[in-house]
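Step one of this worksheet: look at the structure below.
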Amino acid sequence: MLVVIPALVVLQVRGAAHGWPWGVQLVVWAVFSASRDDAVQRVLGGGSLERRVVARTVLGCLLGALAVFSSGAPELAPVVCTLVTAVHLRWAARWSLPAGLAGICLSVPAGVVLDHLGGVHPMAGPYSLWISVALMGLGAATVGNLALLSAQQEEAQQRAARAQQLREELLRRAAEHDVLTGLLSRSAVTARLAAGAARARPGCATGVLFCDLDGFKAVNDGHGHAAGDALLVEVAARLVEAVGASGEVGRVGGDEFVVVLQGLERPAEAHDVAERVRSAVDAPVAVGDRLVATGVSVGVAVTTGRTSADDLLDAADAAMYADKAERRRARTAAGAATSAEVPTGT
């Protein structure tokens with residue numbers, strides 16, 4: 016925007032006869048530079064970045080035109096407005112600021128030379144000292160403005176980097192966690208098992224509990240999907256509480272959950288956790304204004320070697336189906352025993 020400053024050496028001398036007083040010119044140019052500060056634009060344009068850009072561009076064009084008009088050069092107003100718009104709308108156009116700074120470096124010595132020439136040079140006059148003062152003031156304002164814009168650009172880049180990092184973290188979390196329950200997703204469970212196998216310590220075991228709800232389909236079909244979702248959320252909370260700090264819980268299917276236990280000193284610890292899981296989930300669950308009876312079949316798989324995640328999950332899945340069949344046989348046997356104990360009428 017300030018690439019026209021070298022010409023202001025002549026324009027300021029010309030402005031002595033055709034422009035405004037030097038003090039007024041200096042104030043106008045200072046206001047023009049200050050109006051580009053972000054803090055000023057937040058007041059003028061509000062919190063919206065788009066509104067700040069518009070406010071800064073419009074105000075910058077008006078004050079820039081006023082500044083060159085005060086120096087007796089209204090014909091430069093379109094040039095200033097074009098440069099202001101380019102600088103405000105495209106960061107790539109910021110090269111004009113260092114160019115303007117270079118112009119200051121040329122303008123100030125030229126003004127000092129005119130001051131020393133005094134009445135000898137035809138362009139010099141009683142205002143030559145004010146020319147030097149005004150140009151030095153403009154130079155200081157431009158240097159400050161350049162530093163401010165550089166800081167603002169760095170801050171904007173840092174904000175963009177933080178926003179990108181936050182987006183990546185949110186995407187990573189969304190990929191690793193189940194949306195409904197907040198538990199680990201299947202891919203995250205597999206990754207945890209793979210990482211655990213890679214850093215397994217000698218003498219320590221890794222356990223997997225594969226859990227499948229009993230009666231979930233009846234709840235989902237009989238009471239609606241909202242009730243089914245509420246049941247899953249409650250079961251997830253109970254699983255997390257039952258497992259505690261000894262492992263991590265993931266949801267790998269509609270009504271299927273997996274518990275990952277790493278660093279077990281005894282393989283039997285996995286079966287202890289499985290019993291806690293059964294006790295927690297077998298209790299009735301409040302869904303809305305009703306109590307729902309449910310249960311869970313749990314398959315346990317434990318390895319002390321570097322078994323792959325898929326093999327460990329498959330083993331736990333097979334054990335879960337065996338447990339489900341055993342629970343079904345136990346319920347059938349209990350029902351038959353109850354029927355046999357009912358006395359017949361005489």
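Sequential numbering from 16 applies to the sequence shown in the numbering used here. Note that beta-carbon positions come from the ideal geometry of N, C-alpha and C, so glycine has one too.
- Message: Does the contact criterion of 3 or more C-beta pairs under 8 Å hold for the region 250–268 versus the region 168–187?
- Response: no
- Near S261, what residues of its chain come up, given a Cβ to Cβ distance below 7 Å and the 5 sequence neighbours on each side ignored? L276, V288
- In the DSSP assignment, find the unbroken alpha helix (DSSP H) run with D244 in it and report its ends. Looking at the DSSP string, the run of the alpha helix (DSSP H) that includes D244 is 240–258.
- Item | DSSP-derived helix/strand/coil call for Y142 | In this predicted model, Y142 has a pLDDT of only 46, less than 50, meaning its place in the structure is not dependable enough to derive any value.
- Query: Going by alpha carbons, who is nearest to A233 out of T309, A337, G278, K339?
  - Reply: T309
- Task: Just the C-alpha distance for V264 and A242, rounded to the nearest angstrom, thanks.
- Result: So the alpha carbons of these two residues sit roughly 22 Å apart.
- Item | Presumed contact (8 Å Cβ cut-off) between R225 and V292, rounded CB distance | Going by the sequence as given, residue 225 is Phe instead of Arg. Their Cβ separation, rounded to whole angstroms, is 11 Å, which puts F225 and V292 out of contact at 8 Å.
- Item | Those residues which DSSP pairs with S312 across a bridge | Looking at the DSSP assignment, S312 forms a beta bridge with D227.
- Beta bridge counterpart(s) of V317 as assigned by DSSP: G222
- Task: Reducing DSSP to helix, strand and coil, say where A301 ends up.
- Result: strand
- Query: Which residues in the same chain have their Cβ closer than 7 Å to the Cβ of S354, if we skip the five residues on either side of it in sequence?
  - Reply: Note that S354 scores 46 on pLDDT, short of 50, meaning its location in the model is unreliable; the coordinates nonetheless yield the value given after this. Closer than 7 Å at Cβ, skipping near neighbours: no residue.
- Determine the burial state of L195: buried for a count of at least 16 other Cβ atoms within 10 Å of its Cβ, exposed for fewer. With a 10 Å radius around the Cβ and a threshold of 16 neighbouring Cβ atoms, L195 comes out exposed.
- Which residues share a DSSP beta bridge with G265? L199, V273
- Would you say the region 295–302 touches the region 199–216, given that touching needs at least three Cβ pairs under 8 Å? The region 295–302 vs the region 199–216: no contact.
- Query: Looking only at DSSP bridge pairs, what is L181 linked to?
  - Reply: According to DSSP, L181 bridges with nothing at all.
- Below 8 Å on the Cβ atoms is my guess for V311 versus D229; work out the distance and round it to an integer in Å. 6 Å
- Beta carbon of C76, beta carbon of V46: below 7 Å? no
- Roughly how many whole angstroms lie between the Cα atoms of L327 and P282? 14 Å
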